[in-house]
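Chains as they are written, first to last, in my numbering: chain A, 26 to 320; chain B, 350 to 1041.
Written out as structure tokens, the structure is:
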């Protein structure tokens, strides 16, 4: 199955199950969870169902485009179901059927894995889903987001699209994935992988980035205090990404690292509370909206 | 006719590591419940699969047992007025119990008379027992980590999706946070029916089996073991036994089908752990060995399902494992391009702890401390050289590609790489053994060099982290210092090492000052570390079944030789069976109480009165013998000798008044008692022993 077909099939599947099909959020981030469609919407009492593909950047995982399994940027297909429906596992397994994975022909397991994102003050309990011994999805029931307890616990499904594609296309190198019939993953991303690796590990200007981190942090705090949640959150995302680059660049000592993570987590906490406050003032508009609440 | 009750809690996949403890809780909670409700039964069975916790109680007696109970009312004093008529208090009590005046009985409790009535209570029916109790029964189960889901007001290890509650063939419903409670269960996720009616408790196992669920965990374990062995026997091998892995696998499948996969022969050139670690830790596969214990190019994965399409499943698993082993092969090839020693310098790039410097500094400290411990133990020249070398190389593998990727291989790779670089066996083994014991009950270092490096590594961490104020508090112990201290204690006891804690800690702290220039409040930190060790020693002795008072008694001697403390504890434990112990303890307690007031243990013979001479002479008679026994660590025999003083002590106190006004006389008498006390304290503090 072609990469783009697989993506579309999953988007359509979840769309048919009542999820909004949204676009990636246009700011650099390390995981689909960081999109406001997840981070903010999983807070508070309002229901929410969404699916989107999120290009996710992990500068430390960059390998100059030479490693068959690791890359600077990969694609997560992210599903949020809030509240988590009773049959959420079945819905998930059916989504695998939608991309041609017949559970009767494979060994599918839910193996304990407790997800945590220290920079977001977020954690949950759940599993890695294994397909014939390979992890293909992170399945989490959120318990806390932005250091705030979840009113309504969401189920988060994060599909590692490249992994699944490599399995379905029976190939050993990520860059050989067929995006469509003619163009491979490597054709699209290999050069960028190389460049991002050079930048993250060798060229990124440490002083500039440290300055940017401080600027973004300050701007985030200022903007949030002016009740502008979304612009504020965008600066939280930017500061998080800058931190990741600095980290990959080896510019941050172990203790500084804890400190930086604490600063981002603090921002995430402030924005989480501001968001809840804002929605409350708006009267939690999605609480009574048809088509979001129930199947 | 007896009945059976069945409760099945249907969940999403329960973490395997929770299962063992949960089974115990279910059993003991059920026993307690049935006892409280006075229900008779014959046996309790607990079954678990990843998706269900099942309680079956057989042989339930369903008759309404009548139980007579004596209920206490108000005191007689306030129950009747002057004319002997019932007071308001008594009338209220009778109304509450539903009885008339004729049922009243008067009985005495602690010297006061009270009103009583005999009431007959009928025990609940079985239906009532289970209908009213099972909600709490489920909520009472504890897990190491719990979660909420779907907005329910409930915490559990993973979401509960259904509950079966039946008495023989009858549903016993109860309200449970909107989760269905019925006689409907679910079969295997893919192979079974998603809605199975349990028509009778007795048919439960059979019905599930028809739906691809082996509900009895012991059966699953047998199947896994038997079928796995069968598969590998055909290849001329056997399973690399690992009971813990077997248990884990048993608890992550409902319908186990072992299948065999193959790896490329070339991987077998890698060190064994490099292959078995990804197999076991990452993939939950059983490695396969031949009759000489060498790895064979196979593995067993246990599929949660039947054997259809096994070829697809095995191909996928082979691919995943192959990718990991290919990585490992690459790392190994890269790592051995340089002599192992070259990796030591790279340790400067790895932080141990921000304030305590990098790992290069740590390995230098380990080396110094280890050599010093070798000196204390008076090891030979050869061993000392080995210790010095192993200390130097101890952390080098942390900078290799292999250990950076597979951190569980620390120590093991160090050993392999050291050997390949021509280091001797003892040095190589010590590099691995520095990490032992890794968990409670793990193997301990086998060699002196390994034991010494292990103690040095752990003690260095404890000393350093205490010096910068990062000691364990409550449940917080991020550097696992408690486990490290326990490890040190276990090694010392196992190897029967005579080491003095004071000296050890002194030197460990001193190395930080010398090597790192670390500044801290030396005396404060030292006493904190000593207290920390004493706390661990107490806990460990308690866990090994030594009585609390014995531990206190030997700790009070201020001995800081851990192995010696253990000898004392064991000897004292046996000695306390002695006849007439109680009187001996009483006598020595009197001595202790007064001796603590003494300013010295000087005794002037010419100040002794006639009544004091007996004790004085008796003491002098035994002193030398007792001290020699103490030196030989024959503490029980020393106590035998010391306690011959019991009679003279008793006589002494009968005739002599110690706390007299005459200061010199008083001090002389206290001095004599102090002598006895001092020598007793060289063995143990008898005043800590509970006198029953």
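We put the CB at the ideal spot given by N, CA and C, even for glycine. Treat the numbers as computed from the prediction; the structure is a model and nothing was measured.
The segment 86-100 of chain A makes no contact with the segment 167-178 of chain A, as fewer than three CB pairs between them are under 8 Å.
When the five nearest sequence neighbours on each side are left out, the beta carbons in the same chain lying within less than 6 Å of the beta carbon of residue 621 (chain B) are those of 644, in order along the chain.
Going by beta carbons, residue 193 (chain A) and residue 59 (chain A) fall outside the 8 Å limit. For residue 496 (chain B), no beta strand (DSSP E) run applies, since DSSP gives it neither H nor E. Remark: C-beta atoms of residue 354 (chain B) and residue 409 (chain B) approach each other more closely than 8 Å. Residue 942 (chain B): member of the alpha helix (DSSP H) spanning 930-944, first to last residue.
Under the Cβ criterion (8 Å, minimum of three pairs), the segment 740-753 of chain B counts as touching the segment 678-698 of chain B. Between residue 186 (chain A) and chain B, the shortest Cβ-Cβ separation is not below 8 Å. Between residue 842 (chain B) and residue 911 (chain B), the CB-CB gap stays under 8 Å.
Sequence-distant partners of residue 784 (chain B) (beyond 5 residues in either direction) whose C-beta falls short of 6 Å from its own C-beta, in its chain, are 760. Interface residue (Cβ-Cβ distance to chain A less than 8 Å): residue 539 (chain B) is classified as such. With respect to chain A, the C-beta atom of residue 488 (chain B) has no partner C-beta closer than 8 Å. Here DSSP, grouped into helix, strand and coil, assigns residue 916 (chain B) to helix. Take residue 88 (chain A), set aside five residues on each side of it, and the residues of its chain with a beta-carbon closer than 6 Å to its own are 95, in chain order. In the structure shown, the three-state DSSP call for residue 100 (chain A) is strand. As DSSP reads the structure, residue 446 (chain B) sits in no beta bridge. Taking a Cβ-Cβ threshold of 9 Å, the residues of chain A close to residue 510 (chain B) are 111, 112 and 114, in chain order. The residue among A:120, A:198, A:184 and A:262 with its C-alpha nearest the C-alpha of residue 92 (chain A) is A:198. A distance below 7 Å between beta-carbons, with the five flanking residues on each side excluded, links residue 806 (chain B) to the following residues of its chain, in chain order: 715, 743 and 783.
Within 8 Å of the CB of residue 365 (chain B), the CB atoms of chain A belong to 137, in sequence order along the chain.
DSSP places residue 624 (chain B) within a helical segment (H, G or I) once states are collapsed to three.
Using a CB distance cut-off of 8 Å, residue 662 (chain B) counts as an interface residue toward chain A.
Secondary-structure assignment with DSSP links residue 650 (chain B) through a beta bridge to B:608. Between residue 574 (chain B) and the set B:774, B:558 and B:596, the nearest pair of CA atoms involves B:596. Contact check for residue 1007 (chain B) and residue 1018 (chain B): beta-carbon distance about 5 Å, within the 8 Å limit, so the pair qualifies. Neighbourhood of residue 159 (chain A) in chain B, by CB distance below 7 Å: 665 and 669, in chain order.
The Cβ atoms of residue 495 (chain B) and residue 511 (chain B) lie no closer than 8 Å to each other. Looking only at B:992, B:758, B:827 and B:914, the smallest Cα-Cα distance to residue 630 (chain B) is reached by B:758. For residue 675 (chain B), no beta strand (DSSP E) segment is defined; the enclosing uninterrupted segment is the alpha helix (DSSP H) at 659-684.
Residue 565 (chain B) and residue 399 (chain B) do not touch by the CB rule: their CB atoms are close to 14 Å apart, not below 8 Å.
The criterion of a C-beta distance shorter than 8 Å is satisfied by residue 261 (chain A) and residue 293 (chain A). Think of a sphere of 7 Å around the beta carbon of residue 94 (chain A): the chain B residues whose beta carbon falls inside it are 672, in chain order. In the DSSP secondary-structure assignment, residue 152 (chain A) is bridged to A:137 and A:164.
Going by DSSP, residue 360 (chain B) is part of the beta strand (DSSP E) stretching over 351-360.
Per DSSP, the unbroken beta strand (DSSP E) holding residue 407 (chain B) starts and ends at 401-410. When DSSP reads this structure, residue 81 (chain A) sits in a beta bridge with A:99.
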